[in-house]
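Numbering (my numbering), first residue to last: -15 to 680. Worksheet: the structure to be examined is printed underneath.
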Ligand code: ADP
Ligand code: MG
């Protein structure tokens, strides 16, 4: 085994306790230490003239003690005034000993290292590291910047510095331990340093490295590592995709029966499919006729009509005698799908079962039984579909809606469930989160992508306005008028905390006050803590217009479809990401009438917040909004931080490094022919044992 894969405990000075603490930082083996990069650096390579110091700097200085004093004012403190001829500074100690008092006698030459800040009497350093020295530059002990690592409780900088140092020394002594898998031609072309140099530079930069580049992450050493990490992730997904293409899948052949069924289905729809829907349907159909599993992502903005496309795919599986599983991220949406699929397939021989975490007892047993013996051919549910107890009789197609809410791993796990004798089901995943192209390339590089880039005809853009909460009274009037026209309204409550309890409480309060303020309006409440049957009943009432105003938490974010509701008020929109707001807003604008979204913010708004809400006001295009969101908030928000199982990087940062992605794709594709031997080691290095994608 490569020495770098040995546990950190084999290094000198790392006992069981330290090893445990290192593990908390994800540092298990020696190699992990090598890729554990400093958060920032301290500069002990040179002595700053005191006259050049500025507050906020952390600097090494040396000077002579001029006087020393114990100040009784406020908290008792020891103040030591030192100067070096260019300026003076005060050292301040709140905890001090008599010995310290004696050492810092006037006339003594000392060096100090600490952050500089403003004090009562000019610049000061509080509790600096200090030393009595013989000559002014005797304090320079380092020729390189000192790394400051991320820590965890009980772990000190010194311990981790020593551990990393040992790991790096090992690599210096035995360069073969750390193979550079990136071909030299590529390093040259992109001006990347070799792996060992990059690592050395980042852990212990010398004077040739720009501190600014280190701070803003533009230093080539860092870019190189980020590039390599992104490349490894890309390769893993590509491998998955290649393997998938080699697997067997049930083919859904074109037969007289299937043709009759699909024709009948299309004809019985209350609308004509858009060109984009037809195109995507034929892409899906072509995939399903093959003997290899489809892995297709359908991307389409909110309201573009993805559900019907997936229903068509389901029909192909059903007519070929296979089961279909439909997974949605929320119960609300799963309910809606259950209803839609049941309606659409009314004239066909289907038996739909519904499975969520809330289904218990006999009902659950029956549902599971029907799936296992094959009497049920469509199962719709939430992630409860992953449960061990779920066994399929003959699963042919998996449909995952709003896929951004699920991670790559969940997506793959469900497919494993449906595997039978090496035959794996087709998979269709849908998302309304139009993530920027570069990110999509990485995150979805195991998928084929179809885009529904056309909305059903007659849709008008949603008119969005940004208004302060003080205008609540006007908003209430507007609701009254709107409801007077027999139309319906959403009122969405948001909260900063991801606390569902608080969010639900806030929504309950809002529903109460609105009920009082709007005596002629039928107000109802829906939130995530209600029982599934209750939610279902409320949603049903809203759909059937027995409710005028629905007060909701962000549970209605995805999927919910009630075309007569054309007005939405979002309270405190400044708390949500743009893509999430765009999703929420997508609940309106589903009919042919004008629709409105009022973003009712709490003043004062920060400049960024104003800017962000402005983006939403000015655009109805999910792609534009996602690009802006990436620019303004970073990829975590765009790809959904709440999403489980999303990609985690050690070094790469998609906001900082997104410019690398294009190169990653090109080079990654070339790797399969030009450096095939490097692929596995690279994937192991960066994804290690977590390569759950890989059995796969
Ligand atoms: P999303 O893509 O956001 O999941 P849905 O599938 O929920 O969108 O569709 C939004 C609404 O548009 C639904 O009411 C659906 O019945 C309707 N719809 C879908 N396709 C068309 C079409 N081609 N013409 C008119 N209405 C359509
Ligand atoms: Mg949808």
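Heads up, the beta-carbon is just placed ideally off N, CA and C, and yes, glycines get one too.
Less than 7 Å between the C-beta atoms of residue 581 and residue 537, yes or no?
For the purposes of this step, residue 581 is identified with residue 597 of the chain shown, where counting begins at 1. For the purposes of this step, residue 537 is identified with residue 553 of the chain shown, where counting begins at 1. For the pair residue 581 and residue 537, the CB atoms are not nearer than the 7 Å cut-off.
Would you kindly work out how many angstroms separate the C-alpha atoms of residue 71 and residue 59, rounded to a whole number?
Here residue 71 is taken as the residue at index 87 of the chain shown, counted from 1. Here residue 59 is taken as the residue at index 75 of the chain shown, counted from 1. The alpha-carbon atoms of residue 71 and residue 59 are separated by roughly 26 Å.
Tell me whether residue 625 sits in a helix, a strand or coil according to DSSP, three-state version.
Here residue 625 refers to the residue found at position 641 of the chain shown. Note that residue 625 scores a pLDDT of 36, beneath 50, so its modelled location is shaky; the value from the coordinates is reported in the next line. Correct three-state label for residue 625: coil.
Residues near residue 647 in its chain [Cβ-Cβ closer than 8 Å; skip 5 each side]
Position 663 of the chain shown, counted from the start, is the residue given in the question as residue 647. Scanning its chain for C-beta atoms nearer than 8 Å, with the 5 sequence neighbours on each side dropped, one finds around residue 647 the residues 174 and 211, in chain order.
Would you say residue 290 touches the ligand MG, meaning its beta carbon is less than 6 Å from a heavy atom?
To locate residue 290, count along the chain shown from 1; it is residue 306. A distance criterion of 6 Å places the beta-carbon of residue 290 in contact range of the ligand MG, judged by its closest non-hydrogen atom.
Is it true that the CB of residue 667 sits closer than 7 Å to the CB of residue 219?
Residue numbering aside, residue 219 sits at position 235 when the chain shown is read from its first letter. Residue numbering aside, residue 667 sits at position 683 when the chain shown is read from its first letter. Yes; because the gap between Cβ atoms is below 7 Å, this pair is in contact.
Could you tell me if residue 172 is buried or exposed, where buried requires 16 or more neighbouring beta carbons within 10 angstroms of its beta carbon?
For the purposes of this step, residue 172 is taken as residue 188 along the chain shown, with counting starting at 1. Around the beta carbon of residue 172, a 10 Å sphere encloses fewer than 16 other beta carbons of the protein chains shown; the residue is thus reported as exposed.
Looking at the ligand ADP, does it come within less than 6 Å of residue 286, judged from the CB to the closest heavy atom?
Translated into the one-based positions of the chain shown, residue 286 becomes position 302. At least one heavy atom of the ligand ADP lies closer than 6 Å to the C-beta of residue 286.
Residue 508 - containing beta strand (DSSP E), residue span:
In the chain shown, counting from the first residue as 1, residue 508 sits at position 524. Per DSSP, residue 508 belongs to the beta strand (DSSP E) from 507 to 510.
Helix, strand or coil at residue 466 according to DSSP, with G and I counted as helix
The residue labelled residue 466 in the question sits at position 482 within the chain shown. Taken through DSSP and simplified to helix, strand or coil, residue 466 comes out as helix.
Going by DSSP, which residues form a beta bridge with residue 503?
Translated into positions along the chain shown, residue 503 becomes position 519. Within the DSSP secondary-structure output, residue 503 pairs in no beta bridge.
Might you give, ordered along the chain, the residues of its own chain that have their beta carbon closer than 6 Å to the beta carbon of residue 24, omitting 5 neighbours on each side?
Position 40 of the chain shown, counting from 1, holds the residue named residue 24. For residue 24, where only same-chain residues beyond five positions count, the Cβ hits under 6 Å are 132.
In this structure, how does DSSP classify residue 201 when only helix, strand and coil are distinguished?
By 1-based counting over the chain shown, the position of residue 201 is 217. Coil.
To the nearest angstrom, how far is it from the Cα of residue 670 to the Cα of residue 342?
If you number the chain shown from 1, residue 670 lands on position 686. If you number the chain shown from 1, residue 342 lands on position 358. So the two alpha carbons sit approximately 38 Å from each other.
Which residues bound the alpha helix (DSSP H) around residue 671?
Taking the first residue of the chain shown as position 1, residue 671 is located at position 687. Per DSSP, residue 671 belongs to the alpha helix (DSSP H) from 660 to 671.
Residue 657, buried or exposed, once every other Cβ within 10 Å from all chains shown has been counted against 16:
Stepping through the chain shown from its first residue, residue 657 is reached at position 673. Exposure of residue 657 is indicated by the presence of fewer than 16 other C-beta atoms within 10 angstroms of its C-beta.
Residue 2 versus residue 139 - alpha carbon distance
The residue given as residue 2 occupies position 18 in the chain shown. The residue given as residue 139 occupies position 155 in the chain shown. The alpha-carbon atoms of residue 2 and residue 139 are separated by roughly 7 Å.
Quick one: using the 10 Å Cβ neighbour count with 16 as the cut-off for buried, is residue 645 buried or exposed?
Translated into the one-based positions of the chain shown, residue 645 becomes position 661. Answer is buried; the Cβ neighbour count reaches 16.
Which value, in whole angstroms, describes the spacing of the CA atoms of residue 146 and residue 204?
For the purposes of this step, residue 146 is identified with residue 162 of the chain shown, where counting begins at 1. For the purposes of this step, residue 204 is identified with residue 220 of the chain shown, where counting begins at 1. If you take the alpha carbons of residue 146 and residue 204, they lie about 25 Å apart.
So, do the segment 497 to 516 and the segment 458 to 472 have three or more beta carbon pairs nearer to each other than 8 Å?
Between the segment 497 to 516 and the segment 458 to 472, the count of C-beta pairs closer than 8 Å reaches three or more; the two stretches touch.
Do the segment 219 to 232 and the segment 189 to 198 meet, that is, are 3 or more Cβ pairs less than 8 Å apart?
Contact between the segment 219 to 232 and the segment 189 to 198 is absent, because fewer than three Cβ pairs lie under 8 Å.
Would you decide whether residue 453 is buried or exposed? Buried here means 16 or more other CB atoms lie within 10 Å of its CB.
Counting from one through the chain shown, the residue named residue 453 turns up at place 469. With fewer than 16 other CB atoms across the displayed protein chains lying within 10 angstroms of its CB, residue 453 is exposed.
Would you say the segment 366 to 379 touches the segment 306 to 321, given that touching needs at least three Cβ pairs under 8 Å?
With a cut-off of 8 Å, the segment 306 to 321 and the segment 366 to 379 count as touching, because enough Cβ pairs lie within range.
Go ahead and label residue 38 buried or exposed: buried means 16 or more other beta carbons lie within 10 angstroms of its beta carbon, across all protein chains shown.
If you number the chain shown from 1, residue 38 lands on position 54. Counting the other CB atoms within 10 Å of its CB gives residue 38 a total below 16, which places it among the exposed residues.
Hey, quick one: how far does the alpha helix (DSSP H) through residue 183 stretch, first residue to last?
Reading the chain shown from its first residue, position 199 is the one you call residue 183. 179 to 187 is the extent of the alpha helix (DSSP H) around residue 183.
CB of residue 613 within 7 Å of CB of residue 560, strictly:
By one-based count along the chain shown, residue 613 stands at place 629. By one-based count along the chain shown, residue 560 stands at place 576. Not in contact: residue 613 and residue 560 (Cβ atoms no closer than 7 Å).
Answer with buried or exposed for residue 439, where buried requires no fewer than 16 other C-beta atoms within 10 angstroms of its C-beta.
In the chain shown, the residue the question calls residue 439 occupies position 455. With a threshold of 16 other beta carbon atoms within 10 Å, residue 439 meets it and is buried.
Which whole runs of the alpha helix (DSSP H) in the segment 403 to 459 are 4 residues long or more, in chain order?
Runs of alpha helix (DSSP H) with 4 or more residues, each lying fully within the segment 403 to 459, are found at 421 to 427, listed in chain order.
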